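Taking it in order: structure first as structure tokens, then the write-up.
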Amino acid sequence: MLTASVEFNPENPEQAMRQLPARRRAVFALYGADPVAEPYVGAATDLRRRLERLLRPATTQSRRLQLVSRIRRIDWQATGSEFESLAVQFRLLEEIYGARALERMHLRMPAFVRFHGSNRFPRLTVTTRVNQHEADWAFGPFPSRASAERYAEEMLKLFLLRRCEENLDPDPKHPGCVYSEMKMCLAPCYQGCTDARYAEESAAVEGFLATRGESRLRILRQERDEASEHLEFERAAALHAQFQRVEAVRELAPELVHPWSRLRACLLMPSAQFDEVSVFLFEAGMLRGAEAFSTLGMRIQNEQSGSSSLFAQPVAVEAVPEQAGVASVSRDLLQQRLETTLGALGSGGERDGGLARRQGDLALLARWYYRPQQKRVGEIFWAEALPDGSSRWPVKAMLRGVGRVAAAQLARKAAESKPAEDNGESGR
1 MLTASVEFNP ENPEQAMRQL PARRRAVFAL YGADPVAEPY VGAATDLRRR
51 LERLLRPATT QSRRLQLVSR IRRIDWQATG SEFESLAVQF RLLEEIYGAR
101 ALERMHLRMP AFVRFHGSNR FPRLTVTTRV NQHEADWAFG PFPSRASAER
151 YAEEMLKLFL LRRCEENLDP DPKHPGCVYS EMKMCLAPCY QGCTDARYAE
201 ESAAVEGFLA TRGESRLRIL RQERDEASEH LEFERAAALH AQFQRVEAVR
251 ELAPELVHPW SRLRACLLMP SAQFDEVSVF LFEAGMLRGA EAFSTLGMRI
301 QNEQSGSSSL FAQPVAVEAV PEQAGVASVS RDLLQQRLET TLGALGSGGE
351 RDGGLARRQG DLALLARWYY RPQQKRVGEI FWAEALPDGS SRWPVKAMLR
401 GVGRVAAAQL ARKAAESKPA EDNGESGR
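The opening position of the sequence shown corresponds to residue 1 in UniProt numbering, with each subsequent residue numbered one higher.
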């Protein structure tokens, strides 16, 4: 699966070490003489330095892992970011261990708010166990179970959906609960409402979840404006207060929260090649990529100056012969190039992944997204929904994102001329 390989001789390890790239982030696998034995899989920010540590013969008695006498082949693949390293590592481990790869990489399914739409009287629960059959009714991922529970609790205060967990068989003799006494539930348990009325409230809750509150805000905005036009200022003020309350609840759901089956995002990451940006696509519950997007001919935005002009970064300019220059490419051609890249990812033929693959991909996405902003490398963009139910990518905004990622790569290239310490290694 990995793209490069070199034979390893325990009697002469330096010969193999010289063939490995120095100061290059990569995923690697160490294979022994037994072809059916499980390899040692790991990731490093400096491949050669990491393997020199692992495969250095011990001169004295040591507790350090001794692999040099057991290894016969080294496979590796250069990566441009920690996210790409984790994605490649997970796919390799899944190929070897199957569903156990989730445990080996400590990947846990994030929390979702689940809408029990198949129940006669739908309700909400918070869960970390979602199967593909419920993907339309699972809304997330959230950064933690506590945040999902808080969102569900605050959202239910806006509606009259039931909170009880029992399978209801409506009976007028049912004693009800405290929520029905407080008029916070339609009380289907003792036939406090018709099935049609409860279905209407359930549809409103599902719409709120699917749109992160936009469906409710749209109704309140329209009613508020109509009240203002008719000079009903007290009613308009009350509707505005409701509007603000809904907005506050909406802020509890991060932008990543979508119906799992409809979560569609594009991630732009640094590439192992400095004239490319790696493009990932999360669609149909799976992560696809990386697909390389060439930045040749693209003028990188000067982020340091705060200008929106498309002049190159001063640190990126190098003196080159005039005949070796690369002509600038028009914006239309860049947009077409990006759309082609996205199309290649969309038809990547990886739609038959199992549940473990989908859970791992989602866990990787959530782990990256919910990092502190200053520690998160790369950018993410969402597909824009259209009135006809389809969606499209914000290609112009994505090209600006490509420019920012490429500018960061150029700065990293300049920094690589200085000594750097290997501080991001992991092995499993």
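Virtual Cβ for every residue (Gly too), placed ideally from N, Cα, C. Nothing here was measured: the structure is a model prediction, and the numbers come from that model.
Within a Cβ cutoff of 8 Å, which residues of the same chain sit near Ile-96, ignoring the five residues on either side of it in sequence?
So the qualifying residues of the chain are Glu-38, Pro-39, Val-41.
Close-in-space but distant-in-sequence residues of the same chain around Glu-223 (CB under 6 Å, 5 per side omitted):
Leu-239
Status (buried if at least 16 other CB within 10 Å, exposed otherwise) for Gly-343:
exposed
Once DSSP output is grouped into helix, strand and coil, what is the label at Thr-125?
strand
So, under 8 Å CB-CB, Val-246 and Arg-212 are touching, yes? Tell me the CB distance rounded to an integer number of Å.
Their Cβ separation, rounded to whole angstroms, is 11 Å, which puts Val-246 and Arg-212 out of contact at 8 Å.
Checking 8 Å against the spacing of the C-beta atoms, do Phe-280 and Ala-290 come in under that value?
yes
List the DSSP bridge partners of Arg-288.
Leu-281
Pair every Cβ in the region 13-32 with every Cβ in the region 46-58, then say whether three or more of these pairs are closer than 8 Å.
yes
Do the region 5-13 and the region 77-84 make contact, defined as three or more Cβ pairs closer than 8 Å?
no
Spatially closest choice to Glu-7 from Arg-53, Val-68, Ala-43, Val-36, by CA coordinates:
Val-68
Buried or exposed: Arg-392, going by 16 or more other Cβ atoms within 10 Å of its Cβ?
Arg-392 counts as exposed, since fewer than 16 other beta carbons sit within 10 angstroms of its beta carbon.
Just verifying my parser: in three-state terms, what is the DSSP assignment at Val-379?
Looking at the sequence itself, residue 379 is Glu, so the reference to Val does not match. In the structure shown, Glu-379 sits in a strand (DSSP, three-state: E or B).
Identify whether Ala-385 lies in helix, strand or coil by the three-state DSSP scheme.
When DSSP states are grouped into helix, strand and coil, Ala-385 belongs to the strand group.
Leaving out five residues before and five after Gly-306 in sequence, what residues of the same chain have Cβ atoms less than 7 Å from its Cβ?
With a pLDDT of 48 at Gly-306, under the threshold of 50, the modelled position of this residue cannot be trusted, and the question is left open.
Give me the Cα-Cα distance between Asn-119 and Ile-71, rounded to the nearest whole angstrom.
56 Å
Please state whether the Cβ-Cβ distance between Met-286 and Gly-354 is less than 8 Å.
no
Straight-line CA distance for Leu-186 to Leu-124?
Each residue's Cα considered, the two are about 15 Å apart.
Are the region 257-272 and the region 371-385 touching by the rule of at least three beta carbon pairs closer than 8 Å?
yes
Where Leu-102 and Gly-360 are concerned, what is the direct C-alpha to C-alpha distance, given to the nearest angstrom?
6 Å
To the nearest angstrom, how far is the alpha carbon of Asn-9 from that of Ala-414?
Rounded to whole angstroms, Asn-9 and Ala-414 show a C-alpha spacing of 35 Å.
What does Ser-391 pair with, by DSSP beta-bridge criteria?
Paired residues: Ala-385.
Return the first residue and the last residue of the beta strand (DSSP E) that Leu-267 is part of.
265-270
Within the same chain, show all residues whose beta-carbon is closer than 6 Å to that of Ser-207, passing over the 5 residues directly before and after it, in chain order.
Inspection of the sequence shows that residue 207 is occupied by Gly rather than by Ser. Non-local C-beta neighbours of Gly-207 in its own chain, meaning closer than 6 Å and more than five positions away in sequence, comprise Ser-215, ordered along the chain.
Tell me the DSSP secondary structure of Glu-276 in three-state form.
strand
Indicate whether Leu-168 and Pro-188 have their beta-carbon atoms separated by less than 8 Å.
yes
Using the C-alpha atoms, what's the distance from Ala-227 back to Arg-235?
6 Å
Using only the alpha-carbon positions, how far apart do Trp-137 and Phe-115 sit?
Cα to Cα, the separation comes out at about 5 Å.
DSSP beta-bridge partners for Gln-77?
Val-27
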